[in-house]
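Here is the structure we will look at, set down as C-alpha coordinates.
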Amino acid sequence: MKRVVVGLSGGVDSSVAAYLLKEQGYDVVGLFMRNWHDTTGTLEGDCPWYDDQMFAELTAKRLDIPFHFIDLSDEYRRRVVDYMFAEYGRGRTPNPDVLCNREIKFDAFLQAALKLGADYVATGHYCRREVTETAEGPVYRLLAGSDPNKDQSYFLCQLTQEQLSRALFPIGHLLKPEVRRIAAEQHLATAQRKDSQGICFVGKVDLPVFLQQQLKAREGAIVEIPASWPGYALRGRIAAPGERSTAWELPADGPFSQEQLDALAEPYRYTPEAGRQAGTHRGAHFFTIGQRKGLGVGGYAEPLFVIASDVEHNVLYVGMGQEHPGLYRRALRILPEEMHWIRPDRALQPGGSARFSMRIRYRQPLQGGVLHVTEQGGYIVFDRPQRGVTAGQFAAWYDGDELVGSGVIHR
4 MKRVVVGLSG GVDSSVAAYL LKEQGYDVVG LFMRNWHDTT GTLEGDCPWY
54 DDQMFAELTA KRLDIPFHFI DLSDEYRRRV VDYMFAEYGR GRTPNPDVLC
104 NREIKFDAFL QAALKLGADY VATGHYCRRE VTETAEGPVY RLLAGSDPNK
154 DQSYFLCQLT QEQLSRALFP IGHLLKPEVR RIAAEQHLAT AQRKDSQGIC
204 FVGKVDLPVF LQQQLKAREG AIVEIPASWP GYALRGRIAA PGERSTAWEL
254 PADGPFSQEQ LDALAEPYRY TPEAGRQAGT HRGAHFFTIG QRKGLGVGGY
304 AEPLFVIASD VEHNVLYVGM GQEHPGLYRR ALRILPEEMH WIRPDRALQP
354 GGSARFSMRI RYRQPLQGGV LHVTEQGGYI VFDRPQRGVT AGQFAAWYDG
404 DELVGSGVIH R
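Quick note: the sequence shown uses our numbering, first residue 4, plus one each step.
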(Lines of atoms letter the chains of each structure in order from A; the text may use other names.)
(Lines give C-alpha, C1' and ligand atoms only; values in the text may rest on other atoms or scores of the structure.)
Protein backbone atom coordinates (compact mmCIF):
# COMPACT_ATOMS: atom_id res chain seq x y z
CA MET A 4 0.00 0.00 0.00
CA LYS A 5 1.53 3.32 -1.13
CA ARG A 6 1.60 6.11 1.46
CA VAL A 7 0.43 9.57 0.41
CA VAL A 8 0.93 12.61 2.61
CA VAL A 9 -1.77 15.15 1.78
CA GLY A 10 -1.19 18.82 2.39
CA LEU A 11 -4.37 19.53 4.35
CA SER A 12 -4.83 23.29 4.15
CA GLY A 13 -8.18 23.55 5.87
CA GLY A 14 -9.94 24.11 2.54
CA VAL A 15 -12.44 22.01 0.64
CA ASP A 16 -10.09 21.06 -2.21
CA SER A 17 -7.41 19.35 -0.10
CA SER A 18 -10.12 17.73 2.02
CA VAL A 19 -11.72 16.06 -0.98
CA ALA A 20 -8.28 15.13 -2.32
CA ALA A 21 -7.62 13.21 0.90
CA TYR A 22 -11.02 11.52 0.74
CA LEU A 23 -10.54 10.38 -2.87
CA LEU A 24 -7.09 8.98 -2.17
CA LYS A 25 -8.38 6.98 0.77
CA GLU A 26 -11.19 5.62 -1.42
CA GLN A 27 -8.56 4.55 -3.96
CA GLY A 28 -6.81 2.46 -1.34
CA TYR A 29 -3.82 4.62 -0.46
CA ASP A 30 -2.41 4.88 3.05
CA VAL A 31 -3.31 8.54 3.59
CA VAL A 32 -1.70 10.87 6.13
CA GLY A 33 -2.72 14.49 6.67
CA LEU A 34 -0.03 17.12 7.20
CA PHE A 35 -0.87 20.75 7.97
CA MET A 36 1.87 23.30 7.46
CA ARG A 37 1.96 26.64 9.17
CA ASN A 38 3.94 29.02 7.00
CA TRP A 39 2.98 32.49 8.16
CA HIS A 40 1.75 34.05 11.37
CA ASP A 41 2.76 37.70 11.03
CA THR A 42 -0.42 39.80 10.68
CA THR A 43 1.35 42.99 9.50
CA GLY A 44 -0.66 44.36 6.58
CA THR A 45 -3.09 41.44 6.64
CA LEU A 46 -6.73 42.43 6.25
CA GLU A 47 -8.67 41.56 9.39
CA GLY A 48 -10.44 38.22 9.43
CA ASP A 49 -8.73 36.78 6.36
CA CYS A 50 -7.87 33.09 6.84
CA PRO A 51 -5.99 33.10 10.14
CA TRP A 52 -3.82 30.00 10.25
CA TYR A 53 -5.37 28.67 13.44
CA ASP A 54 -8.79 28.44 11.77
CA ASP A 55 -7.18 26.61 8.86
CA GLN A 56 -5.56 24.15 11.24
CA MET A 57 -8.83 23.51 13.03
CA PHE A 58 -10.63 22.67 9.76
CA ALA A 59 -7.72 20.47 8.67
CA GLU A 60 -7.91 18.52 11.95
CA LEU A 61 -11.69 18.14 11.62
CA THR A 62 -11.19 16.72 8.12
CA ALA A 63 -8.57 14.23 9.31
CA LYS A 64 -10.81 13.12 12.15
CA ARG A 65 -13.78 12.67 9.81
CA LEU A 66 -11.69 10.61 7.36
CA ASP A 67 -10.01 8.70 10.19
CA ILE A 68 -6.49 9.43 8.98
CA PRO A 69 -3.39 10.41 10.99
CA PHE A 70 -2.82 14.16 11.36
CA HIS A 71 0.51 15.95 11.70
CA PHE A 72 1.58 19.58 12.01
CA ILE A 73 4.76 21.26 10.78
CA ASP A 74 5.95 24.86 11.04
CA LEU A 75 7.77 26.00 7.89
CA SER A 76 7.62 29.71 8.67
CA ASP A 77 11.39 30.22 8.57
CA GLU A 78 11.66 28.48 5.21
CA TYR A 79 8.71 30.44 3.84
CA ARG A 80 10.10 33.79 4.96
CA ARG A 81 13.56 33.06 3.59
CA ARG A 82 12.58 31.46 0.28
CA VAL A 83 9.36 33.29 -0.61
CA VAL A 84 8.74 36.47 1.39
CA ASP A 85 12.33 37.76 1.30
CA TYR A 86 12.29 37.11 -2.45
CA MET A 87 9.10 39.19 -2.70
CA PHE A 88 10.66 42.14 -0.89
CA ALA A 89 13.79 41.96 -3.04
CA GLU A 90 11.81 41.87 -6.28
CA TYR A 91 9.51 44.76 -5.35
CA GLY A 92 12.56 46.72 -4.27
CA ARG A 93 13.96 46.30 -7.78
CA GLY A 94 10.73 47.56 -9.35
CA ARG A 95 9.57 44.09 -10.40
CA THR A 96 6.35 42.24 -9.53
CA PRO A 97 6.96 38.70 -8.24
CA ASN A 98 4.46 35.85 -8.10
CA PRO A 99 4.74 34.37 -4.58
CA ASP A 100 2.28 31.56 -5.33
CA VAL A 101 4.55 30.10 -8.01
CA LEU A 102 7.53 30.39 -5.65
CA CYS A 103 5.54 28.84 -2.80
CA ASN A 104 4.80 25.74 -4.86
CA ARG A 105 8.37 25.37 -6.09
CA GLU A 106 10.15 26.15 -2.83
CA ILE A 107 7.69 25.08 -0.11
CA LYS A 108 4.88 22.71 -1.10
CA PHE A 109 6.99 20.56 -3.41
CA ASP A 110 10.33 20.99 -1.69
CA ALA A 111 10.36 21.76 2.06
CA PHE A 112 6.95 20.13 2.56
CA LEU A 113 7.94 17.19 0.35
CA GLN A 114 11.07 16.59 2.44
CA ALA A 115 8.96 16.59 5.60
CA ALA A 116 6.53 14.14 4.00
CA LEU A 117 9.33 11.78 3.03
CA LYS A 118 10.37 11.65 6.69
CA LEU A 119 6.83 10.39 7.40
CA GLY A 120 7.41 7.55 4.94
CA ALA A 121 5.58 9.11 2.00
CA ASP A 122 5.76 7.65 -1.47
CA TYR A 123 3.86 10.67 -2.79
CA VAL A 124 2.58 14.04 -1.71
CA ALA A 125 -0.84 15.28 -2.78
CA THR A 126 -2.46 18.71 -2.92
CA GLY A 127 -5.83 20.10 -3.90
CA HIS A 128 -4.58 21.80 -7.06
CA TYR A 129 -6.83 21.81 -10.12
CA CYS A 130 -4.36 20.24 -12.53
CA ARG A 131 -3.50 16.76 -13.77
CA ARG A 132 -0.40 14.61 -14.02
CA GLU A 133 0.19 11.92 -16.62
CA VAL A 134 3.10 9.51 -16.97
CA THR A 135 4.50 8.46 -20.34
CA GLU A 136 6.93 5.55 -20.47
CA THR A 137 9.88 6.04 -22.81
CA ALA A 138 13.09 4.13 -23.53
CA GLU A 139 14.91 6.59 -21.27
CA GLY A 140 12.42 6.12 -18.43
CA PRO A 141 9.15 7.74 -17.31
CA VAL A 142 8.28 11.26 -18.43
CA TYR A 143 5.88 13.22 -16.22
CA ARG A 144 3.46 15.57 -17.94
CA LEU A 145 1.73 18.46 -16.17
CA LEU A 146 -1.71 19.06 -17.67
CA ALA A 147 -4.30 21.76 -17.14
CA GLY A 148 -7.18 21.00 -14.79
CA SER A 149 -10.44 19.85 -16.35
CA ASP A 150 -12.30 22.83 -14.85
CA PRO A 151 -11.41 25.76 -17.14
CA ASN A 152 -12.50 28.22 -14.45
CA LYS A 153 -10.21 26.73 -11.81
CA ASP A 154 -7.19 25.44 -13.74
CA GLN A 155 -4.14 26.06 -11.51
CA SER A 156 -1.41 24.54 -13.65
CA TYR A 157 0.14 28.00 -14.11
CA PHE A 158 1.01 28.11 -10.39
CA LEU A 159 3.01 24.88 -10.85
CA CYS A 160 4.97 26.10 -13.87
CA GLN A 161 8.32 25.85 -12.08
CA LEU A 162 8.08 22.22 -10.99
CA THR A 163 10.69 19.70 -12.06
CA GLN A 164 10.43 16.10 -13.24
CA GLU A 165 11.67 14.95 -9.84
CA GLN A 166 8.97 16.95 -8.03
CA LEU A 167 6.26 15.70 -10.40
CA SER A 168 7.37 12.12 -9.87
CA ARG A 169 6.27 12.47 -6.24
CA ALA A 170 3.13 14.55 -6.84
CA LEU A 171 -0.53 13.55 -7.05
CA PHE A 172 -3.43 15.86 -7.92
CA PRO A 173 -6.56 13.87 -7.03
CA ILE A 174 -9.17 16.51 -7.95
CA GLY A 175 -7.66 17.72 -11.22
CA HIS A 176 -10.26 15.86 -13.29
CA LEU A 177 -13.20 17.39 -11.36
CA LEU A 178 -15.18 20.61 -11.62
CA LYS A 179 -15.39 22.79 -8.53
CA PRO A 180 -19.15 22.13 -7.97
CA GLU A 181 -18.40 18.39 -8.01
CA VAL A 182 -15.74 18.87 -5.35
CA ARG A 183 -18.16 20.72 -3.09
CA ARG A 184 -20.82 18.08 -3.71
CA ILE A 185 -18.46 15.29 -2.65
CA ALA A 186 -17.47 17.24 0.45
CA ALA A 187 -21.11 17.73 1.40
CA GLU A 188 -21.98 14.07 0.81
CA GLN A 189 -19.09 13.01 3.07
CA HIS A 190 -20.05 15.59 5.70
CA LEU A 191 -16.66 17.25 5.61
CA ALA A 192 -16.44 20.42 7.70
CA THR A 193 -14.89 22.30 4.78
CA ALA A 194 -17.78 21.68 2.35
CA GLN A 195 -19.05 25.26 2.40
CA ARG A 196 -15.88 27.03 3.43
CA LYS A 197 -14.85 29.92 1.16
CA ASP A 198 -11.74 29.60 -0.98
CA SER A 199 -8.69 31.44 0.32
CA GLN A 200 -7.48 34.47 -1.63
CA GLY A 201 -4.44 36.70 -1.68
CA ILE A 202 -0.77 35.83 -1.20
CA CYS A 203 -0.12 32.14 -0.66
CA PHE A 204 -0.30 31.44 3.12
CA VAL A 205 -0.41 35.16 3.93
CA GLY A 206 -3.90 35.95 2.63
CA LYS A 207 -5.29 39.28 1.51
CA VAL A 208 -2.99 42.14 2.39
CA ASP A 209 -2.74 45.88 2.03
CA LEU A 210 0.34 45.55 -0.17
CA PRO A 211 2.01 48.91 0.58
CA VAL A 212 1.57 48.33 4.32
CA PHE A 213 2.91 44.79 4.00
CA LEU A 214 5.90 45.87 1.92
CA GLN A 215 6.75 48.75 4.27
CA GLN A 216 8.11 46.15 6.67
CA GLN A 217 11.27 46.40 4.56
CA LEU A 218 10.66 49.00 1.83
CA LYS A 219 10.40 52.63 2.88
CA ALA A 220 7.73 54.96 1.53
CA ARG A 221 9.15 57.81 -0.56
CA GLU A 222 7.16 60.55 -2.23
CA GLY A 223 7.69 60.86 -5.96
CA ALA A 224 6.07 62.17 -9.13
CA ILE A 225 3.31 60.53 -11.15
CA VAL A 226 3.91 61.48 -14.78
CA GLU A 227 1.20 61.04 -17.41
CA ILE A 228 2.48 59.97 -20.84
CA PRO A 229 0.14 60.90 -23.72
CA ALA A 230 -0.98 58.26 -26.21
CA SER A 231 0.63 60.45 -28.89
CA TRP A 232 4.14 59.97 -27.46
CA PRO A 233 6.45 59.62 -30.53
CA GLY A 234 8.04 56.40 -29.25
CA TYR A 235 4.82 54.49 -29.89
CA ALA A 236 4.75 55.49 -33.56
CA LEU A 237 8.26 54.14 -34.18
CA ARG A 238 7.55 50.87 -32.39
CA GLY A 239 4.29 50.44 -34.31
CA ARG A 240 5.79 50.14 -37.77
CA ILE A 241 8.67 48.52 -39.62
CA ALA A 242 11.56 50.97 -39.54
CA ALA A 243 12.61 52.83 -42.64
CA PRO A 244 16.07 52.25 -44.16
CA GLY A 245 18.70 53.41 -41.70
CA GLU A 246 16.40 53.13 -38.66
CA ARG A 247 16.58 50.38 -36.07
CA SER A 248 13.95 47.80 -37.08
CA THR A 249 11.56 46.50 -34.44
CA ALA A 250 9.81 44.05 -36.81
CA TRP A 251 6.58 44.96 -35.00
CA GLU A 252 4.38 44.05 -37.92
CA LEU A 253 6.13 40.81 -38.92
CA PRO A 254 4.58 37.40 -38.13
CA ALA A 255 5.53 36.03 -34.72
CA ASP A 256 7.21 33.02 -36.35
CA GLY A 257 9.98 35.24 -37.73
CA PRO A 258 12.72 34.66 -38.64
CA PHE A 259 14.21 37.41 -36.49
CA SER A 260 17.71 38.66 -36.02
CA GLN A 261 19.05 39.06 -32.47
CA GLU A 262 18.73 42.83 -32.90
CA GLN A 263 15.08 42.53 -33.90
CA LEU A 264 14.27 40.27 -30.93
CA ASP A 265 15.99 42.67 -28.53
CA ALA A 266 14.11 45.60 -30.03
CA LEU A 267 10.76 43.84 -29.82
CA ALA A 268 11.29 42.88 -26.17
CA GLU A 269 12.69 46.24 -25.08
CA PRO A 270 10.29 48.10 -22.75
CA TYR A 271 9.37 51.66 -23.56
CA ARG A 272 11.79 54.13 -21.95
CA TYR A 273 10.17 57.28 -20.63
CA THR A 274 11.53 60.46 -19.07
CA PRO A 275 9.58 63.00 -16.99
CA GLU A 276 9.99 65.49 -19.85
CA ALA A 277 7.94 63.16 -22.11
CA GLY A 278 4.72 63.91 -20.19
CA ARG A 279 3.29 66.08 -17.45
CA GLN A 280 3.01 65.58 -13.71
CA ALA A 281 -0.40 64.28 -12.72
CA GLY A 282 0.17 63.85 -8.99
CA THR A 283 2.42 62.21 -6.42
CA HIS A 284 2.84 58.71 -4.99
CA ARG A 285 4.47 57.21 -1.89
CA GLY A 286 6.84 54.79 -3.57
CA ALA A 287 7.20 53.58 -7.16
CA HIS A 288 8.04 50.09 -5.89
CA PHE A 289 4.51 49.72 -4.46
CA PHE A 290 2.94 49.70 -7.94
CA THR A 291 2.81 47.27 -10.84
CA ILE A 292 2.18 47.52 -14.58
CA GLY A 293 -1.51 47.86 -15.42
CA GLN A 294 -2.48 48.93 -11.88
CA ARG A 295 -5.35 51.38 -11.61
CA LYS A 296 -6.24 51.50 -7.92
CA GLY A 297 -4.25 53.45 -5.38
CA LEU A 298 -3.01 56.24 -7.64
CA GLY A 299 -5.24 58.86 -6.02
CA VAL A 300 -5.37 61.02 -9.16
CA GLY A 301 -8.64 62.34 -10.55
CA GLY A 302 -9.89 64.83 -13.09
CA TYR A 303 -9.27 62.72 -16.20
CA ALA A 304 -11.82 61.66 -18.81
CA GLU A 305 -10.75 58.01 -18.35
CA PRO A 306 -8.95 56.14 -15.56
CA LEU A 307 -5.17 56.26 -15.34
CA PHE A 308 -3.14 53.03 -15.46
CA VAL A 309 0.48 52.42 -14.54
CA ILE A 310 2.54 51.85 -17.70
CA ALA A 311 6.06 51.93 -16.20
CA SER A 312 7.96 52.63 -13.01
CA ASP A 313 11.46 53.94 -12.42
CA VAL A 314 12.39 52.88 -8.88
CA GLU A 315 15.88 54.38 -9.16
CA HIS A 316 14.46 57.90 -9.62
CA ASN A 317 11.14 57.07 -7.91
CA VAL A 318 8.98 58.11 -10.86
CA LEU A 319 5.70 56.43 -11.77
CA TYR A 320 4.51 56.68 -15.37
CA VAL A 321 0.81 56.40 -16.20
CA GLY A 322 -1.40 56.48 -19.27
CA MET A 323 -5.07 57.37 -19.65
CA GLY A 324 -7.54 54.68 -20.72
CA GLN A 325 -7.51 50.90 -21.03
CA GLU A 326 -6.33 51.10 -24.64
CA HIS A 327 -3.33 53.31 -23.96
CA PRO A 328 -0.48 52.00 -26.17
CA GLY A 329 1.93 51.98 -23.23
CA LEU A 330 -0.02 49.08 -21.71
CA TYR A 331 0.72 46.77 -24.66
CA ARG A 332 3.82 44.88 -25.73
CA ARG A 333 4.52 42.53 -28.62
CA ALA A 334 7.30 40.51 -27.01
CA LEU A 335 9.17 39.72 -23.80
CA ARG A 336 12.56 38.35 -22.83
CA ILE A 337 13.61 35.65 -20.34
CA LEU A 338 17.25 35.39 -19.24
CA PRO A 339 19.05 32.12 -20.12
CA GLU A 340 19.43 31.11 -16.46
CA GLU A 341 15.71 31.66 -15.81
CA MET A 342 14.45 29.42 -18.61
CA HIS A 343 12.79 26.37 -17.06
CA TRP A 344 11.57 23.26 -18.86
CA ILE A 345 9.13 20.98 -17.07
CA ARG A 346 9.82 18.72 -20.03
CA PRO A 347 13.62 18.85 -20.45
CA ASP A 348 13.30 16.47 -23.39
CA ARG A 349 11.48 19.25 -25.25
CA ALA A 350 13.90 22.06 -24.39
CA LEU A 351 14.83 24.30 -27.30
CA GLN A 352 18.49 24.94 -27.96
CA PRO A 353 19.90 28.30 -29.11
CA GLY A 354 18.73 28.93 -32.63
CA GLY A 355 15.53 26.95 -32.11
CA SER A 356 11.96 28.20 -32.05
CA ALA A 357 8.53 26.64 -31.59
CA ARG A 358 4.95 27.78 -31.52
CA PHE A 359 3.16 27.46 -28.17
CA SER A 360 0.13 28.82 -26.37
CA MET A 361 1.29 31.38 -23.81
CA ARG A 362 0.10 32.71 -20.47
CA ILE A 363 1.74 35.58 -18.56
CA ARG A 364 -0.61 35.61 -15.56
CA TYR A 365 -3.06 33.33 -13.78
CA ARG A 366 -6.49 33.07 -15.43
CA GLN A 367 -5.32 34.79 -18.60
CA PRO A 368 -6.75 33.05 -21.67
CA LEU A 369 -3.99 31.29 -23.60
CA GLN A 370 -2.37 33.48 -26.24
CA GLY A 371 -0.76 32.41 -29.51
CA GLY A 372 2.90 33.10 -30.01
CA VAL A 373 6.35 31.72 -30.74
CA LEU A 374 9.21 31.05 -28.33
CA HIS A 375 12.59 31.89 -29.88
CA VAL A 376 15.71 30.75 -28.01
CA THR A 377 19.12 32.35 -28.56
CA GLU A 378 22.33 32.57 -26.57
CA GLN A 379 20.81 35.67 -24.96
CA GLY A 380 17.79 33.79 -23.57
CA GLY A 381 14.20 33.10 -24.52
CA TYR A 382 12.07 35.58 -26.45
CA ILE A 383 8.32 35.16 -26.68
CA VAL A 384 6.82 37.01 -29.64
CA PHE A 385 3.04 37.12 -29.47
CA ASP A 386 0.70 37.04 -32.41
CA ARG A 387 -1.05 40.06 -30.89
CA PRO A 388 0.31 42.71 -28.52
CA GLN A 389 -0.29 41.76 -24.87
CA ARG A 390 -1.55 43.98 -22.08
CA GLY A 391 0.44 44.28 -18.88
CA VAL A 392 3.68 42.41 -19.60
CA THR A 393 5.34 42.71 -16.19
CA ALA A 394 8.92 42.02 -15.18
CA GLY A 395 9.15 39.50 -12.35
CA GLN A 396 6.03 37.59 -13.34
CA PHE A 397 6.20 34.15 -14.95
CA ALA A 398 5.54 33.42 -18.60
CA ALA A 399 4.38 29.83 -19.20
CA TRP A 400 4.06 27.98 -22.48
CA TYR A 401 1.63 25.17 -23.26
CA ASP A 402 1.27 22.59 -25.99
CA GLY A 403 -2.45 21.89 -25.92
CA ASP A 404 -3.30 21.01 -22.30
CA GLU A 405 0.30 20.34 -21.35
CA LEU A 406 2.44 22.93 -19.59
CA VAL A 407 5.87 22.48 -21.12
CA GLY A 408 7.99 25.24 -19.59
CA SER A 409 8.17 28.69 -18.05
CA GLY A 410 10.48 31.54 -17.16
CA VAL A 411 10.70 34.78 -15.23
CA ILE A 412 9.94 37.81 -17.39
CA HIS A 413 13.11 39.88 -17.46
CA ARG A 414 11.64 42.73 -19.44
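Don't be surprised by glycine CBs; every beta carbon is placed ideally from N, CA and C. Every value quoted in this text rests on a predicted model; they were computed, and no experiment measured them.
Which residues does DSSP list as the beta-bridge partners of residue i?
i	result
residue 36	73
residue 140	137
residue 6	30
residue 332	389
residue 227	279, 321
residue 381	337, 376
residue 312	319
residue 370	361
residue 307	323
residue 288	Answer is none; residue 288 lacks a bridge partner.
Mind checking which residues open and close the beta strand (DSSP E) that includes residue i?
i	result
residue 405	405-411
residue 402	397-402
residue 344	342-344
If you follow the alpha helix (DSSP H) that residue i is part of, which residue opens it and which one closes it?
i	result
residue 359	Careful: residue 359 lies outside any alpha helix (DSSP H), inside the beta strand (DSSP E) at 356-362.
residue 265	261-268
Considering only C-alpha positions, which residue in the set the options is nearest to residue i?
i	options	result
residue 27	5, 38, 36, 33	5
residue 72	66, 140, 55	55
residue 185	15, 360, 358	15
residue 146	155, 122, 108, 138	155
residue 355	13, 230, 261, 187	261
residue 53	37, 114, 65, 62	37
residue 284	234, 220, 340, 167	220
residue 222	257, 315, 34	315
residue 87	322, 74, 102, 76	102
residue 370	160, 161, 218, 400	400
residue 362	320, 409, 216	409
residue 350	377, 190, 367	377
residue 35	365, 10, 183	10
residue 70	58, 126, 33	33
residue 301	74, 318, 322	322
residue 172	24, 121, 406	24
residue 160	341, 372, 358	341
residue 360	352, 348, 387, 337	387
residue 407	358, 367, 312, 366	358
When every heavy atom of the ligand ZN is checked, does at least one fall within less than 7 Å of the C-beta of residue i?
i	result
residue 181	The ligand ZN is not part of this structure, which contains no ligands at all.
- request: May I ask you to verify whether the stretch 173-184 touches the stretch 13-33, counting CB pairs closer than 8 Å and requiring at least 3?
  value: They touch, by the three-pair rule.
- request: Count the C-beta pairs between the stretch 378-391 and the stretch 79-87 that are closer than 8 Å, then say yes if the count reaches three, no if not.
  value: Judged by Cβ distances under 8 Å, the stretch 378-391 makes no contact with the stretch 79-87, as fewer than three pairs qualify.
Ordered list of alpha helix (DSSP H) runs contained in the stretch 120-203, each at least 4 residues: Entirely contained in the stretch 120-203, the alpha helix (DSSP H) runs reaching 4 residues are, in chain order, 164-168, 179-188.
- request: Please go through the stretch 78-125 and give each complete alpha helix (DSSP H) segment of 4 or more residues, from N-terminal end onward.
  value: Counting whole runs of 4 or more residues, the stretch 78-125 contains the alpha helix (DSSP H) stretches 85-92, 99-103, 112-118.
Contact the stretch 286-298 vs the stretch 188-200: 3+ CB pairs below 8 Å: A contact is defined here as three or more CB-CB pairs under 8 Å, and the stretch 286-298 fails this definition with respect to the stretch 188-200.
message: Three Cβ pairs or more, each shorter than 8 Å: is that satisfied between the stretch 156-167 and the stretch 134-146?
response: Between the stretch 156-167 and the stretch 134-146, the count of C-beta pairs closer than 8 Å reaches three or more; the two stretches touch.
- request: Check whether the stretch 227-236 touches the stretch 327-345, taking contact to mean three or more Cβ pairs, one atom from each stretch, closer than 8 Å.
  value: Contact between the stretch 227-236 and the stretch 327-345 is present, because at least three Cβ pairs lie under 8 Å.
task: Examine the Cβ distances between the stretch 94-104 and the stretch 384-401 and report whether three or more of them are shorter than 8 Å.
output: Contact holds: three or more Cβ-Cβ distances are below 8 Å.
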